[in-house]
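Number of protein chains: 2
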Amino acid sequence: MTEDDLPDTPATTTCEAVAAVAEASRQWAAVTYSGRARVIHAIANALDTAAEDLIATAQEETNLPEGRLVGELKRTTFQLRLFADVVADGTFLDARIDRPDATWPMGAPRPDLRRMLMPIGPVLVFAASNFPFAFSVAGGDTAAALAAGNAVLVKAHSGHPRLSNATAAVVRAAGRAAGAPENLLRVIHETENGVTALQDPRIRAASFTGSIRGGRALFDIANARPEPIPFYGELGSVNPAFVAPTAASRHASEIVDGFLGSITGSRGQLCTKPGLLLVPAESSMLAMLRDADLPNPTPMLNDRIQKGFEADLAALATHSGVSTLLKGANSTDTSPGTTLLHTTLDKVLASPEALITEVFGPAALIVTYSDPAEVPELARTLAGQLTATIIAESDAASDITLAQDLLPILTEKAGRLLWNQWPTGVSVTYAQQHGGPYPATTAPTTTSVGTASITRFLRPVAFQNFPSTFLPDALNDGNPLSIPQHIDG
Amino acid sequence: MTEDDLPDTPATTTCEAVAAVAEASRQWAAVTYSGRARVIHAIANALDTAAEDLIATAQEETNLPEGRLVGELKRTTFQLRLFADVVADGTFLDARIDRPDATWPMGAPRPDLRRMLMPIGPVLVFAASNFPFAFSVAGGDTAAALAAGNAVLVKAHSGHPRLSNATAAVVRAAGRAAGAPENLLRVIHETENGVTALQDPRIRAASFTGSIRGGRALFDIANARPEPIPFYGELGSVNPAFVAPTAASRHASEIVDGFLGSITGSRGQLCTKPGLLLVPAESSMLAMLRDADLPNPTPMLNDRIQKGFEADLAALATHSGVSTLLKGANSTDTSPGTTLLHTTLDKVLASPEALITEVFGPAALIVTYSDPAEVPELARTLAGQLTATIIAESDAASDITLAQDLLPILTEKAGRLLWNQWPTGVSVTYAQQHGGPYPATTAPTTTSVGTASITRFLRPVAFQNFPSTFLPDALNDGNPLSIPQHIDG
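Protein chains in written order, with our numbering: chain A, 62 to 550; chain B, 62 to 550.
This is the structure in structure tokens:
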């Protein structure tokens with residue numbers, strides 16, 4: 062697959078694509094914030110207009126059903142528009158003005174200092190397979206990088222190369238028509254070309270959504286550069302969910318339904334799928350899960366993901382402490398459907414690294430516990446997570462105790478904590494946090510979903526003692542852009 | 062040197078010190094923001110009270126004059142108090158509340174989502190040599206980490222081990238008296254122990270101020286961990302300064318004086334010392350610099366820094382394109398004082414990597430240019446910088462043109478841009494930015510000076526659908542802490 066397939070993008074080498082994006086990035090950074098917002102809105106509109114063709118192509122390449130793709134494209138264009146509105150608002154610039162202060166108590170006069178966030182430079186985005194729209198060519202990372210004022214080079218995922226080119230063509234044409242630089246976005250294919258681009262000194266930041274192994278390899282390459290750059294990798298997560306005793310006894314059936322919906326949605330091919338469920342041994346939940354009636358499985362995204370699911374599931378299912386609780390309809394040994402495994406808390410505590418592991422697909426390990434007081438010990442063994450979920454009754458002493466014990470531990474481990482909701486379905490909002498300590502991400506101080514994700518692609522610059530005519534408008538006296546300015550703190 | 066010399070800190074292994082700090086970090090994170098601020102104020106007061114003893118010890122170990130140390134300690138305690146006030150204010154938490162919204166246009170209802178910044182966990186601080194107070198045990202990184210709610214393990218610099226222990230004793234005693242956990246701060250010595258601590262999974266972030274070589278080695282270790290952590294290294298910078306034609310002709314003498322003051326202050330042992338000065342070939346500045354009357358040199362911080370200065374200066378001075386313009390008083394071949402070297406713009410453009418290089422100490426390379434239009438070409442060859450300075454007349458066409466050409470380039474290269482001021486003397490303020498692309502730092506999206514430096518040691522956590530009783534106060538309805546909350550964006 063090369064860019065030759067895309068009339069809108071000439072055949073090219075990776076080096077030339079990087080050069081084009083670097084040039085476009087300088088031009089894009091100089092566009093006004095309102096102009097930037099206008100272009101991003103135009104891109105969103107064009108994607109919506111092209112929906113029919115794009116979705117048809119996505120169906121040909123990914124096995125995803127039309128309804129899911131329609132919803133995903135809607136999420137994608139909403140995300141672009143939300144980020145465009147954030148750009149126009151100006152809060153994201155974190156503009157700060159310290160006026161001169163001869164009496165500043167540091168021991169020396171304070172100069173005139175003005176600081177704001179500026180575009181970091183050309184961004185390389187490694188697209189994900191599981192969201193061919195929302196985490197791919199025009200997905201969250203691209204939206205954040207564009208909003209921040211950077212041009213983007215996308216390394217397309219091999220799972221949907223034609224859709225990647227088609228999406229890029231729509232983005233480029235809409236951008237061009239709205240006045241954006243010609244190469245605001247470019248697409249390259251093949252891992253090897255992605256690595257070449259990642260090592261190019263003109264690339265100033267990179268992002269990735271995918272496996273721990275792939276993401277770690279790219280993270281290492283980014284850090285081994287003569288000039289290392291920020292690498293925002295969103296890798297793996299088990300997303301543990303803890304069901305407290307009273308919740309289990311009061312709402313067993315509802316919890317089972319919610320959980321099964323969460324692990325089977327999108328066939329479990331979500332980074333926030335809850336792969337570990339802690340339930341009281343004495344509750345009826347285990348039996349309900351064993352007897353659950355699961356829908357016929359739809360095909361997975363592609364063969365590679367299907368094979369990975371089978372291998373990872375087999376490794377976990379054949380562990381000596383694990384038994385198979387439920388095989389979904391139409392499951393065969395060589396092609397498993399939805400699968401629930403079972404073990405006990407003491408066995409997990411004996412082998413946490415082997416048993417607390419991500420299986421990407423519709424599977425989960427159910428862990429029964431006898432003593433709630435031992436559950437926090439499992440939480441302490443967790444690696445970094447995107448999410449952790451507590452299912453509990455806030456009026457029941459047993460549940461309150463467990464939640465109070467778990468909360469400080471889970472706060473250290475996960476980027477998002479949930480109470481009586483399931484972690485799949487990551488809303489794009491101002492307060493969203495999609496991140497966490499390694500291996501959930503390679504950058505625990507950041508998020509890859511929500512408006513705060515824009516900050517990843519900005520860097521602060523301070524201007525000391527500058528005459529008004531040479532200052533960026535965002536930092537000028539009189540606030541010509543009418544944006545929030547933090548003056549003297 | 063071991064902690065045995067410090068009665069307040071028991072003899073210990075690095076592992077035990079990490080364990081103690083990890084335990085203290087959990088306790089410290091649970092202290093209220095007002096309590097946290099109170100402890101940090103108490104620490105600042107105790108350091109001021111102990112000033113006489115601390116400064117005497119610093120003079121014994123560092124060759125720095127009393128006046129400089131008095132000012133530096135004042136800066137240090139001011140910094141602690143400023144950060145404490147930022148903690149009490151609560152803005153630094155970036156509290157965001159998204160209320161549920163069934164009509165959220167993403168295509169799915171928006172849940173109740175609340176996000177804030179939380180302590181990242183135990184921080185390892187590698188202290189610097191050149192500021193035994195302000196960038197050492199109780200310096201900026203420690204102040205930021207404590208303000209963020211983390212306990213700190215300091216790897217003391219070998220240049221002032223007794224002062225490090227004495228400072229830690231004051232901090233620990235004051236913290237304890239004010240109700241902080243026993244091991245809010247611990248000190249270890251020796252690079253080997255620092256590396257052991259950096260590899261310990263309980264350490265969640267690290268910071269460093271020092272050389273490119275040392276910082277890069279530690280950065281690589283932090284990234285090679287099974288669970289990599291953020292590593293905030295502030296490494297090297299040449300801090301170029303560009304004198305425009307009209308400024309040079311109108312204010313030659315004043316510019317020369319300011320420049321010489323900037324490169325000789327603290328004997329040039331500052332990370333923001335301007336090591337590269339571009340001046341018009343036809344101006345009188347070169348002659349003035351050649352004839353400058355420099356003060357007798359004071360000793361450098363320690364022998365290691367003196368030897369490094371001599372070696373780096375010799376390497377630059379013996380480059381074929383470079384001549385020596387001025388050797389300061391009492392300079393000898395084996396022990397150079399303040400030294401000015403000279404070359405021309407075309408020679409720098411022919412060998413930018415060899416000639417644009419940091420010499421840590423009182424030296425600079427003066428570069429004469431004949432055509433201002435060629436100056437931006439030099440700017441384009443620059444690696445990442447902490448600062449870049451423009452000396453120009455904003456009413457003169459020649460200077461305006463040069464500044465307009467330089468500004469977009471320098472904005473990409475440096476964290477702080479200055480106009481008609483010199484970069485040494487880094488004020489601690491809200492809008493300060495002390496950072497830049499590699500090799501200025503290993504984390505170009507952050508600052509190591511100013512109140513924004515606290516954010517390095519925080520990570521975002523979101524709470525979805527949580528009952529009020531389990532939410533952090535900062536995120537609760539009714540805003541019980543009276544801090545800024547961003548509601549629905």
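Just so it is clear, CB atoms sit at the ideal spot from N, CA and C, and this is done for glycine as well. In this text the structure is predicted, and so the values were computed from the model without any measurement.
Where residue i sits in the DSSP three-state scheme
i, result
"Leu-387 (chain A)", "strand"
"Asp-549 (chain B)", "coil"
"Ser-455 (chain B)", "coil"
"Leu-134 (chain A)", "helix"
"Trp-15 (chain B)", "Residue 15 (chain B) lies beyond the stretch modelled for chain B, which goes from 62 to 550, so this question has no answer here."
"Val-148 (chain A)", "helix"
"Arg-598 (chain B)", "Residue 598 (chain B) lies beyond the stretch modelled for chain B, which goes from 62 to 550, so this question has no answer here."
"Asn-540 (chain B)", "coil"
"Arg-175 (chain A)", "strand"
"Ser-190 (chain A)", "coil"
"Glu-295 (chain A)", "strand"
"Pro-301 (chain B)", "strand"
"Ala-258 (chain B)", "helix"
"Val-198 (chain A)", "coil"
"Leu-185 (chain B)", "strand"
"Ala-83 (chain B)", "helix"
"Arg-157 (chain B)", "strand"
"Ser-586 (chain A)", "Nothing in the structure corresponds to residue 586 (chain A), since chain A is present only between 62 and 550."
"Thr-74 (chain A)", "coil"
"Pro-180 (chain B)", "strand"
"Thr-405 (chain A)", "strand"
"Val-436 (chain A)", "helix"
"Ser-91 (chain B)", "Just to set this straight, residue 91 (chain B) is Ala in the shown sequence, not Ser. The answer is coil: DSSP assigns Ala-91 (chain B) none of H, G, I, E or B."
"Ile-417 (chain B)", "coil"
Alpha carbon of residue i to alpha carbon of residue j, nearest angstrom
i, j, result
"Ile-366 (chain B)", "Leu-355 (chain B)", "21 Å"
"Thr-490 (chain B)", "Ala-266 (chain A)", "28 Å"
"Pro-360 (chain A)", "Asn-124 (chain A)", "6 Å"
"Leu-339 (chain A)", "Val-304 (chain A)", "6 Å"
"Arg-26 (chain A)", "Ile-282 (chain B)", "Coverage of chain A is limited to positions 62 through 550, which leaves residue 26 (chain A) absent and any answer about it impossible."
"Pro-528 (chain B)", "Pro-335 (chain A)", "21 Å"
"Pro-541 (chain B)", "Ala-535 (chain B)", "7 Å"
"Pro-469 (chain B)", "Ser-488 (chain B)", "24 Å"
"Gly-128 (chain B)", "Met-167 (chain A)", "15 Å"
"Thr-404 (chain B)", "Val-383 (chain B)", "5 Å"
"Ala-492 (chain A)", "Gly-511 (chain A)", "7 Å"
"Ser-268 (chain A)", "Thr-333 (chain A)", "18 Å"
"Asp-466 (chain B)", "Thr-164 (chain A)", "35 Å"
"Gly-497 (chain A)", "Trp-480 (chain A)", "18 Å"
"Thr-485 (chain A)", "Gly-550 (chain B)", "22 Å"
Expected contact under 8 Å - CB spacing of residue i and residue j to nearest Å
i, j, result
"Asn-211 (chain B)", "Pro-183 (chain B)", "6 Å"
"Arg-171 (chain B)", "Ile-158 (chain B)", "About 12 Å; that fails the 8 Å criterion."
"Ser-298 (chain A)", "Glu-435 (chain A)", "Contact doesn't hold; Cβ gap of about 23 Å is too wide."
"Leu-246 (chain A)", "Leu-185 (chain A)", "So it is not a contact: roughly 12 Å between Cβ atoms."
"Phe-153 (chain A)", "Leu-178 (chain A)", "7 Å"
"Phe-518 (chain B)", "Ala-189 (chain B)", "With 8 Å as the limit, Phe-518 (chain B) and Ala-189 (chain B) do not qualify as a contact, their Cβ atoms being about 17 Å apart."
"Thr-429 (chain A)", "Leu-347 (chain A)", "6 Å"
"Leu-374 (chain B)", "Thr-400 (chain B)", "6 Å"
"Arg-160 (chain B)", "Ala-105 (chain B)", "Rounded, the Cβ-Cβ distance is 39 Å, inconsistent with contact."
Exercise for the section: Give the residues from the region 473 to 496 of chain A that approach chain B closer than 9 Å (Cβ to any Cβ), ordered along the chain. Expected result: Glu-473, Ala-475, Gly-476, Arg-477, Leu-478, Leu-479, Trp-480, Asn-481, Gln-482, Pro-484, Gly-486, Ser-488, Val-489, Thr-490, Tyr-491, Ala-492, Gln-493, Gln-494, His-495, Gly-496
Exercise for the section: Mind listing, in chain order, the continuous alpha helix (DSSP H) runs of no fewer than 4 residues lying wholly within the region 304 to 390 of chain B? Expected result: 306 to 325, 346 to 351, 364 to 378
Handout entry: Against chain B: residues of the region 201 to 232 of chain A by CB proximity under 9 Å
Key = none
Exercise for the section: Report the residue ranges of all beta strand (DSSP E) runs contained in full by the region 453 to 526 of chain B; include only those spanning at least 3 residues, in chain order. Expected result: 475 to 480, 519 to 525
Practice task
Compile a chain-ordered list of the residues in the region 496 to 520 of chain A whose CB is closer than 9 Å to at least one CB of chain B.
Solution key: Taking 9 Å as the Cβ-Cβ cut-off against chain B, the residues of the region 496 to 520 of chain A that qualify are Gly-496, Gly-497, Pro-498, Tyr-499, Pro-500, Thr-503, Ala-504, Pro-505, Thr-506, Thr-507, Thr-508, Gly-511, Thr-512, Ala-513, Thr-516, Arg-517, Phe-518, Leu-519, Arg-520.
Handout entry: Members of the region 129 to 161 of chain B near chain A, C-beta cut-off 7 Å
Key = Gly-132, Lys-135, Arg-136, Phe-139, Arg-157, Ile-158, Asp-159
Handout entry: Contacting positions in the region 522 to 533 of chain B - beta carbon closer than 7 Å to chain A
Key = Val-522, Ala-523, Phe-524, Gln-525, Asn-526, Phe-527, Pro-528, Thr-530, Phe-531
Exercise for the section: Could you run through the region 357 to 378 of chain B and flag, in chain order, every residue whose CB is less than 9 Å away from some CB of chain A? Expected result: none
Exercise for the section: Output the residue ranges of the alpha helix (DSSP H) runs that lie fully inside the region 200 to 264 of chain B and measure 4 residues or longer, sorted by chain position. Expected result: DSSP runs (the alpha helix (DSSP H)) wholly in the region 200 to 264 of chain B: 201 to 209, 222 to 238, 252 to 259.
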